[in-house]
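Q:
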Amino acid sequence: EIPQLAIKDYPRFQYRGMHLDVGRHFFDVAFVKKYIDYLAYLKYNTFHWHLTDDQGWRIEIKKYPKLTSVGGYRNGTIIGHHPGTGNDGKRTGGFYTQQQIKEVVKYARDRFITVIPEIEMPGHASAAIAAYPQLSCFPNESTKISPKTPWSGSRKGKQVQQTWGVFEDVFCPSEYTFTFLENVLNEVMQLFPSKYIHIGGDECPKESWKRSAFCQKLIKDKNLKDEHGLQSYFIQRIEKYLNSKGRQIIGWDEILEGGLAPNATVMSWRGEQGGIAAAQQSHNVIMTPGKYCYFDHAQTQNKDSLTIGGYLPLDTVYGYNPIPKELNESDSKYILGAQANVWTEYMDNTKKVEYMIFPRMSALSEVLWSPAENRDWNRFSSELTDMHKRYQLWGANYYKGE
Ligand code: ACM
């Protein structure tokens, strides 16, 4: 017998996201499903699947098979922290077939989780360019690799990157590129029913566009101010295409530079400023600032394992308020929620991914679900031992604290 009661419970935010970068290191379908289970257990509702990057293209595109046969693999990976002490010399990579993607999307939907795919543009495009060099403004130039970069195999021609960072060779804003991207996005839209498609937009160096006669003429012809204007033109053109198919774009906060695409949702990562500016322009925002939401940063100041750097302890995540204090009440409604990002340069196996997300993912879950006034660090930290037991039941690795 149980007494009657009423439970009133609902989420504070409509967007409760976890991201996973499968470009830097590839994780198989079994782990992606496990990851989705973790999201479901902790009441997240969105899985942001970062599918393309300089070090690997991970989604089968039937029209462009070389994206995965060439772009899905690299000849080695640097050892240790960037720039690296050597190269492991191991060919590595992988990709998801369209059949596997459908399986993952269904698996997620059965658990009330929406999968948002990210196809990066115009930067972070080395793997795509290695497969189809014409996507570059300089198809005949070899990929620039610093003589100091430990490398495996040939340094000639267009290469899938073996080290981390930001690379100059980006998509050329040519008709060839736009046709390519529309064709890619057509297949992506068939696989992902999500309202949103993430198109990246971050960290696009402008060097290639500056020295390309084609780009300089395009800037003049389109009456653009400069290369930032060209980036804005690029994103707006893709937005227009996706909007015409009934989809909306999400982009990293660099899409504010040179003018925001009219219907874009902004993912604020370089702090909260991009999110604040976008909300004040009446654009939807997902908060994912490095200081609170980058789960690739270290959890402890004891150097327990190799990470990209930074320091993001559990109580900082728990104390996060996704509504920036700079926003008034009416602009605050544009903050759809928040998301933790899991960039995997320094996570080459699934146990490491789990170690980096737990228990911080539990802390962010409460931030996203519970009313702000119910947050209580003493209660949360006293419940951590129970949470550890759950991680053990799930068979998950986790950071156990000092
Ligand atoms: C990012 O961390 N480059 C979005």
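Residues in the sequence shown are numbered from 1019 upward in steps of one, following this note's numbering. Don't be surprised by glycine CBs; every beta carbon is placed ideally from N, CA and C. A quick note: this is a predicted structure, and the numbers were derived from the prediction, not measured.
Measure from the alpha carbon of L1386 to the alpha carbon of each residue in V1122, R1229, L1260 and I1353, then state which is nearest.
A: The residue with the shortest Cα to Cα distance from L1386 is I1353.
Q: How about the region 1318-1338 and the region 1362-1379: do they share at least three Cβ pairs that are nearer than 8 angstroms?
A: Yes, they touch.
Q: Spatial neighbours of I1375 within its chain, please: CB distance less than 6 angstroms, with the 5 preceding and 5 following residues excluded, ordered by chain position.
A: Cβ neighbours of I1375 beyond the five flanking positions: F1313.
Q: For N1396, tell me which candidate among N1346, L1332 and V1360 has the shortest Cα-Cα distance.
A: That would be L1332, whose Cα lies nearest to the Cα of N1396.
Q: Using a threshold of 7 angstroms, is the CB atom of N1261 nearer than that to any non-hydrogen atom of the ligand ACM?
A: No, the Cβ of N1261 stays beyond 7 angstroms of every heavy atom of the ligand ACM.
Q: Does the distance from the C-beta atom of D1187 to that of S1154 stay below 8 angstroms?
A: Taking 8 angstroms as the Cβ cut-off, D1187 and S1154 qualify as a contacting pair.
Q: With respect to 7 angstroms, is the separation between the Cβ of D1322 and the closest non-hydrogen atom of the ligand ACM below this value?
A: D1322: no, Cβ never under 7 angstroms from the ligand ACM.
Q: Please return the same chain residues whose Cβ sits closer than 6 angstroms to the Cβ of P1168, not counting the five positions on each side in sequence.
A: Within the same chain, P1168 has close Cβ partners I1096, G1102, G1104 and N1105.
Q: If Q1152 and D1072 are in contact, beta carbons under 8 angstroms, what's the gap, nearest whole angstrom?
A: With 8 angstroms as the limit, Q1152 and D1072 do not qualify as a contact, their Cβ atoms being about 18 angstroms apart.
Q: At the level of alpha carbons, what is the spacing between P1021 and Q1116?
A: C-alpha separation (whole angstroms): 49 angstroms.
Q: Would you call L1023 buried or exposed, if buried means 16 or more other Cβ atoms sit within 10 Å of its Cβ?
A: Classification of L1023: exposed, given that the 10 Å Cβ count is below 16.
Q: Tell me whether N1201 sits in a helix, a strand or coil according to DSSP, three-state version.
A: Helix.
Q: Going by DSSP, what residues sit across from V1133 in a beta bridge?
A: Partner(s): F1065.
Q: Does the separation of the CB atoms of I1304 and G1035 fall below 8 angstroms?
A: Yes, the pair counts as a contact, with Cβ atoms nearer than the cut-off.
Q: Tell me whether G1220, by its Cβ, gets closer than 7 angstroms to a heavy atom of the ligand ACM.
A: Position check: residue 1220 holds Asp in this sequence, whereas Gly was assumed. Yes, the Cβ of D1220 comes within 7 angstroms of a heavy atom of the ligand ACM.
Q: In this structure, does DSSP put Y1056 in helix, strand or coil?
A: Reduced to three states, the DSSP call for Y1056 is helix.
Q: Whose C-beta lies closer than 6 angstroms to the C-beta of I1341 among residues of the same chain, with five residues either side of it excluded?
A: Answer for I1341: S1350 and I1353, listed in chain order.
Q: What does the Cβ neighbour count give for E1372, buried or exposed, with the cut at 16 atoms within 10 Å?
A: Under this definition E1372 is a buried residue.
Q: Quick check on Y1028: buried or exposed, where buried means 16 or more other Cβ atoms within 10 Å of its Cβ?
A: When all chains shown are included, Y1028 counts as exposed.
Q: Would you report the Cα separation of N1281 and I1267, rounded to the nearest angstrom?
A: Distance between the alpha carbons of N1281 and I1267: 7 angstroms.
Q: I need the straight-line Cα distance from Q1234 to I1273, nearest angstrom please.
A: Cα-Cα distance, rounded: 20 angstroms.
Q: From G1218 to W1270, what does the alpha carbon distance come to, in whole angstroms?
A: Answer to the nearest angstrom: the Cα atoms are 6 angstroms apart.
Q: Take the Cβ of G1355 as the centre, count every other Cβ of all protein chains shown within 10 Å, and call the residue buried at 16 or more, exposed below.
A: Buried: at least 16 other Cβ atoms inside 10 Å.
Q: Using the three-state DSSP reduction, which class does M1305 fall into: helix, strand or coil?
A: In this structure, M1305 counts as strand in the three-state DSSP scheme.
Q: For D1128, count the other beta carbons within 10 Å of its own beta carbon; 16 or more makes it buried, fewer makes it exposed. Which is it?
A: D1128 comes out exposed.
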